[in-house]
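Colleague:
Number of protein chains: 2
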Amino acid sequence: MNPGFSVYGISTGLLQPGDDIVDRVLTALSATDAQTIADNDILLFAESPLSTTEGRNIRLADVVPGSQAETLGKKYSLDPRLAQVVIDESDRILGGIPGFLLASRGNLVLPNAGVDESNAPDGWVTLLPKDADASAARIRKEIRERTGKETAVIIIDSRTHAMRLGVSGVAIGCSGILPITDERGKADLFGHELQVTRRAIADSLASTAELLMGEANEGVPVVLVRGYRYTFSEHAVIESIAPEEDLFLGSLSRNG
Amino acid sequence: MNPGFSVYGISTGLLQPGDDIVDRVLTALSATDAQTIADNDILLFAESPLSTTEGRNIRLADVVPGSQAETLGKKYSLDPRLAQVVIDESDRILGGIPGFLLASRGNLVLPNAGVDESNAPDGWVTLLPKDADASAARIRKEIRERTGKETAVIIIDSRTHAMRLGVSGVAIGCSGILPITDERGKADLFGHELQVTRRAIADSLASTAELLMGEANEGVPVVLVRGYRYTFSEHAVIESIAPEEDLFLGSLSRNG
Numbered sequence: 008m009n010p011g012f013s014v015y016g017i018s019t020g021l022l023q024p025g026d027d028i029v030d031r032v033l034t035a036l037s038a039t040d041a042q043t044i045a046d047n048d049i050l051l052f053a054e055s056p057l058s059t060t061e062g063r064n065i066r067l068a069d070v071v072p073g074s075q076a077e078t079l080g081k082k083y084s085l086d087p088r089l090a091q092v093v094i095d096e097s098d099r100i101l102g103g104i105p106g107f108l109l110a111s112r113g114n115l116v117l118p119n120a121g122v123d124e125s126n127a128p129d130g131w132v133t134l135l136p137k138d139a140d141a142s143a144a145r146i147r148k149e150i151r152e153r154t155g156k157e158t159a160v161i162i163i164d165s166r167t168h169a170m171r172l173g174v175s176g177v178a179i180g181c182s183g184i185l186p187i188t189d190e191r192g193k194a195d196l197f198g199h200e201l202q203v204t205r206r207a208i209a210d211s212l213a214s215t216a217e218l219l220m221g222e223a224n225e226g227v228p229v230v231l232v233r234g235y236r237y238t239f240s241e242h243a244v245i246e247s248i249a250p251e252e253d254l255f256l257g258s259l260s261r262n263g
Numbered sequence: 008m009n010p011g012f013s014v015y016g017i018s019t020g021l022l023q024p025g026d027d028i029v030d031r032v033l034t035a036l037s038a039t040d041a042q043t044i045a046d047n048d049i050l051l052f053a054e055s056p057l058s059t060t061e062g063r064n065i066r067l068a069d070v071v072p073g074s075q076a077e078t079l080g081k082k083y084s085l086d087p088r089l090a091q092v093v094i095d096e097s098d099r100i101l102g103g104i105p106g107f108l109l110a111s112r113g114n115l116v117l118p119n120a121g122v123d124e125s126n127a128p129d130g131w132v133t134l135l136p137k138d139a140d141a142s143a144a145r146i147r148k149e150i151r152e153r154t155g156k157e158t159a160v161i162i163i164d165s166r167t168h169a170m171r172l173g174v175s176g177v178a179i180g181c182s183g184i185l186p187i188t189d190e191r192g193k194a195d196l197f198g199h200e201l202q203v204t205r206r207a208i209a210d211s212l213a214s215t216a217e218l219l220m221g222e223a224n225e226g227v228p229v230v231l232v233r234g235y236r237y238t239f240s241e242h243a244v245i246e247s248i249a250p251e252e253d254l255f256l257g258s259l260s261r262n263g
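The structure is reproduced here in structure tokens:
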């Protein structure tokens, strides 16, 4: 059984293109009760500040929107140049509401494909990390090299949920942790086989981190979770679900 | 800024109809590092064990399915008696996949309207609490009467998310805490007004609790969060979003 865990916000201050994010985290960590990195710590990074350090920023003035972007921009009341960036960053545009496109990207369904106008200089937008799993693996390796500690790293974003107000967290990449546990074959308290057999551990950790990160100018781009017993995995990926097995998309397409 | 917080699992053992859940929590708490209730602790209760103590169990043998339940049972391969209970417990059936109906109930969209076959005796199902906000308010009042401490109480369930494998947490009722914070007017690090202005604090806390509760026979129906700075609210409700403003339902209905 998991006895419990502690959660610490790490205030690095504003991150800029080219900043060494691991160095900034290690420095800022010493001002928290966590003090230093320990083995089995989980570090969660907000995607937008991380992307910024990786140079994943685009100036909208440099974007020329195509005809699909012009059409979507008109239909959903958003800057056609932003629509073009969202198209470029996504596999498929699923729909939209005024101000936002709903886009799929790999195993994610995200507002504006994760393209972020907040927390970027005027006229610039921040893209998601090019490969969030690779970013997580790189950070984990750098932490190991600099501290000798074995950690898990998760890159997170905010997401909305059907019919709910407000955002919570979602994992978009990870390294060193099994993101979804499979409890098939396990029994409930009455010895029945479990109905719900997979748990989105990385997404739940992402929501835990969101509680401290906030969306405003709080400058907490990284959160440390200590004491949570997770399952190690060197090469785990965050699996998506087939649309026809998905209760939301499956239901709505069967209805439609 | 929120400096950090601690999370404790509380193992009450199996809960039965009529059990005094507050008494069981206070007793079990003494075996954890948290020891006793403190002011501003947040207590999160899994809905199914709580419902059981409230007598919200139904024996399927006592249910007579109507024609809609027979039709849905056939279409989605589930026991028509279970389909009838789901219909009775929901406002609207939105669709389904084999084994599950997608149902709306108040401000929630939930598989099988929260009707749970796991963790119930053979042939029985557990319903959601009749009024989860009222359950939360009652528990909070009982804790105050027995300990003198002012706490927040959240009732939680598991939910799935579009295109994602695995469940995370969702708040279905609360007392003493503002479940969704509104940051309209706040600025980001560059002084822009925030795009995403509402945060689903109660849902993120529910996912935090899910990390310790598990789905299997772990017997952790209650989780305590200590040190998280939340906003007090005496009569907050978990607001839902209008379908046309909802990025998922709005998108899919515009597309369909």
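Protein sequence lines correspond, in order, to chains A and B. Just so we're aligned: 231 in the numbering used here is position 224 of the first sequence, and the numbers increase by one with no gaps anywhere. Just so we're aligned: 56 in the numbering used here is position 49 of the second sequence, and the numbers increase by one with no gaps anywhere. Here a beta-carbon is modelled for each residue, glycine too, at the ideal position from N, C-alpha and C.
What are the residues that DSSP puts in a beta bridge with A/A178?
Modeller: One-based indexing of the first sequence puts residue 178 of chain A at position 171. Answer by DSSP bridge pairing, in chain order: A/I163.
Colleague: Could you give the first and the last residue of the continuous beta strand (DSSP E) run that contains B/D229?
Modeller: Counted from its first residue, the second sequence places residue 229 of chain B at position 222. Looking at the sequence itself, residue 229 of chain B is Val, so the reference to Asp does not match. Here the beta strand (DSSP E) through B/V229 covers V229 to R233.
Colleague: Helix, strand or coil: which one does DSSP assign to A/V14?
Modeller: Taking the first residue of the first sequence as 1, we reach residue 14 of chain A at position 7. Note: A/V14 maps to strand in three-state DSSP.
Colleague: Mind checking B/H242: buried by the 16 CB within 10 Å criterion, or exposed?
Modeller: Sequence index remark: in the second sequence, residue 242 of chain B carries index 235 (1-based). Exposed is the call here.
Colleague: Once you ignore the five residues that flank B/P87 on each side, which residues in its own chain have a CB closer than 6 Å to its CB?
Modeller: Here residue 87 of chain B refers to the residue found at position 80 when the second sequence is read from its first residue. These residues qualify, in order along the chain: P72, A76, E77 and G80.
Colleague: Between which residues of its own chain and A/D164 is the CB-CB distance below 6 Å, once the five residues before and five after are set aside?
Modeller: Residue numbering aside, residue 164 of chain A sits at position 157 when the first sequence is read from its first letter. Only E54, G121, V177 and I179 meet the Cβ criterion.
Colleague: Can you tell me the Cα-Cα spacing of A/T158 and A/G183, whole angstroms?
Modeller: The residue labelled residue 158 of chain A in the question sits at position 151 within the first sequence. The residue labelled residue 183 of chain A in the question sits at position 176 within the first sequence. Cα to Cα, A/T158 sits roughly 7 Å from A/G183.
Colleague: Cα-Cα, which of B/E246, B/L231 and B/D27 is closest to B/A38?
Modeller: Position 31 of the second sequence, counting from 1, holds the residue named residue 38 of chain B. Of B/E246, B/L231 and B/D27, the residue nearest in Cα terms is B/L231.
Colleague: Taking Cβ-Cβ distances shorter than 9 Å, what residues in chain B pair up with A/L6?
Modeller: Within the shown structure, residues of chain A are numbered from 8 to 263, placing residue 6 of chain A beyond reach of any answer.
Colleague: Under a three-way DSSP split, which group does A/R236 fall into?
Modeller: Within the first sequence, numbered from 1, the residue matching residue 236 of chain A stands at position 229. In the structure shown, A/R236 sits in coil (DSSP, three-state: anything other than H, G, I, E or B).
Colleague: Any beta carbon from chain B within less than 9 Å of A/N262's own beta carbon?
Modeller: Working through the first sequence from its first residue, we reach residue 262 of chain A at position 255. In this prediction, A/N262 scores a pLDDT of 46, lower than 50, which makes its location untrustworthy; no coordinate-derived value is stated.
Colleague: Which bits of chain A does B/H242 rub up against, with CB to CB less than 9 Å?
Modeller: Residue mapping note: residue 242 of chain B aligns to position 235 of the second sequence, counting from 1. Within 9 Å Cβ-Cβ: nothing; B/H242 doesn't reach chain A, min ~17 Å.
Colleague: Consult DSSP for B/G80 and reduce its assignment to one of helix, strand or coil.
Modeller: What you label residue 80 of chain B is simply residue 73 of the second sequence in a count that begins at 1. Residue state, collapsed to three classes: helix.
Colleague: Which first and last residues belong to the alpha helix (DSSP H) in which A/T19 is found?
Modeller: Your numbering for residue 19 of chain A matches position 12 in the first sequence. Note, A/T19: premise wrong, no alpha helix (DSSP H); not H, not E.
Colleague: Take B/E96 as the anchor and find which of B/I65, B/L218 and B/T154 has the nearest alpha-carbon.
Modeller: Position 89 of the second sequence, counting from 1, holds the residue named residue 96 of chain B. Comparing Cα-Cα distances from B/E96 to each of B/I65, B/L218 and B/T154, the minimum goes to B/I65.
Colleague: By the DSSP assignment, the beta strand (DSSP E) with A/P128 in it spans what residues?
Modeller: Along the first sequence, read from residue 1 onward, the residue named residue 128 of chain A stands at position 121. Per DSSP, A/P128 belongs to no beta strand (DSSP E) and is neither H nor E.
Colleague: Can you give me the Cβ contacts of B/T154 inside the same chain, cut-off strictly under 6 Å, excluding the 5 residues immediately before and after it?
Modeller: Start at 1 with the first residue of the second sequence, and residue 154 of chain B comes out as number 147. Only I44 meet the Cβ criterion.
Colleague: Please classify B/V244: is it buried, with 16 or more other beta-carbons within 10 angstroms of its beta-carbon, or exposed?
Modeller: On the second sequence, position 237 is the one that residue 244 of chain B refers to. Label assigned to B/V244: exposed.
Colleague: Between which two residues does the alpha helix (DSSP H) holding A/A209 run?
Modeller: Along the first sequence, read from residue 1 onward, the residue named residue 209 of chain A stands at position 202. Residues I208 to M220.
Colleague: What does the alpha-carbon distance come out to for the pair B/F107 and A/T204?
Modeller: Along the second sequence, read from residue 1 onward, the residue named residue 107 of chain B stands at position 100. Along the first sequence, read from residue 1 onward, the residue named residue 204 of chain A stands at position 197. Their backbone Cα atoms lie some 14 Å apart in a straight line.
Colleague: Considering Cα atoms alone, identify which of A/Q91, A/L85 and A/P118 is closest to A/L101.
Modeller: Residue 101 of chain A sits at position 94 when you count from the first residue of the first sequence. Per the Cα distances, A/P118.
Colleague: Between the alpha carbons of B/G113 and B/D98, how many angstroms are there, rounded?
Modeller: The residue labelled residue 113 of chain B in the question sits at position 106 within the second sequence. The residue labelled residue 98 of chain B in the question sits at position 91 within the second sequence. Using only the alpha carbons, I get a separation of about 7 Å.
Colleague: Pull up the CB-CB distance for A/E61 and A/P136, whole angstroms please, since I reckon it's below 8 Å.
Modeller: Counting from one through the first sequence, the residue named residue 61 of chain A turns up at place 54. Counting from one through the first sequence, the residue named residue 136 of chain A turns up at place 129. With a Cβ gap of about 6 Å, A/E61 and A/P136 count as contacting.
Colleague: Are the beta-carbon atoms belonging to B/T215 and A/L218 less than 9 Å from one another?
Modeller: Looking up residue 215 of chain B in the second sequence gives position 208. Looking up residue 218 of chain A in the first sequence gives position 211. In contact: B/T215 and A/L218 (Cβ atoms closer than 9 Å).
Colleague: I want to verify the contact list: residues of chain A whose CB lies under 8 Å from the CB of B/N114, in sequence order.
Modeller: Here residue 114 of chain B is taken as the residue at index 107 of the second sequence, counted from 1. Result: M170 and R171.
Colleague: Taking the straight line between their C-alpha atoms, what separation do you get for B/I146 and B/R191?
Modeller: To locate residue 146 of chain B, count along the second sequence from 1; it is residue 139. To locate residue 191 of chain B, count along the second sequence from 1; it is residue 184. Cα-Cα distance, rounded: 32 Å.
Colleague: Return no unless some Cβ of chain B is closer than 9 Å to the Cβ of A/S182.
Modeller: Locating residue 182 of chain A in the first sequence gives position 175, counting from the first residue. By this cut-off, A/S182 is not an interface position.
Colleague: Can you pull out the residues from the region 135-150 of chain A whose beta carbon lies closer than 7 Å to at least one beta carbon of chain B?
Modeller: Correct list: empty, as no residue qualifies.
Colleague: Given a threshold of 16 other Cβ atoms within 10 Å of its Cβ, counted over all protein chains shown, does B/F52 qualify as buried or as exposed?
Modeller: Locating residue 52 of chain B in the second sequence gives position 45, where the first residue counts as 1. The residue is buried, with at least 16 neighbouring Cβ atoms inside 10 Å.
Colleague: Hey, how far is the Cα of B/P105 from the Cα of B/I187?
Modeller: Here residue 105 of chain B corresponds to residue number 98 of the second sequence, with the count starting at 1. Here residue 187 of chain B corresponds to residue number 180 of the second sequence, with the count starting at 1. Rounded to the nearest angstrom, the two C-alpha atoms are 33 Å apart.
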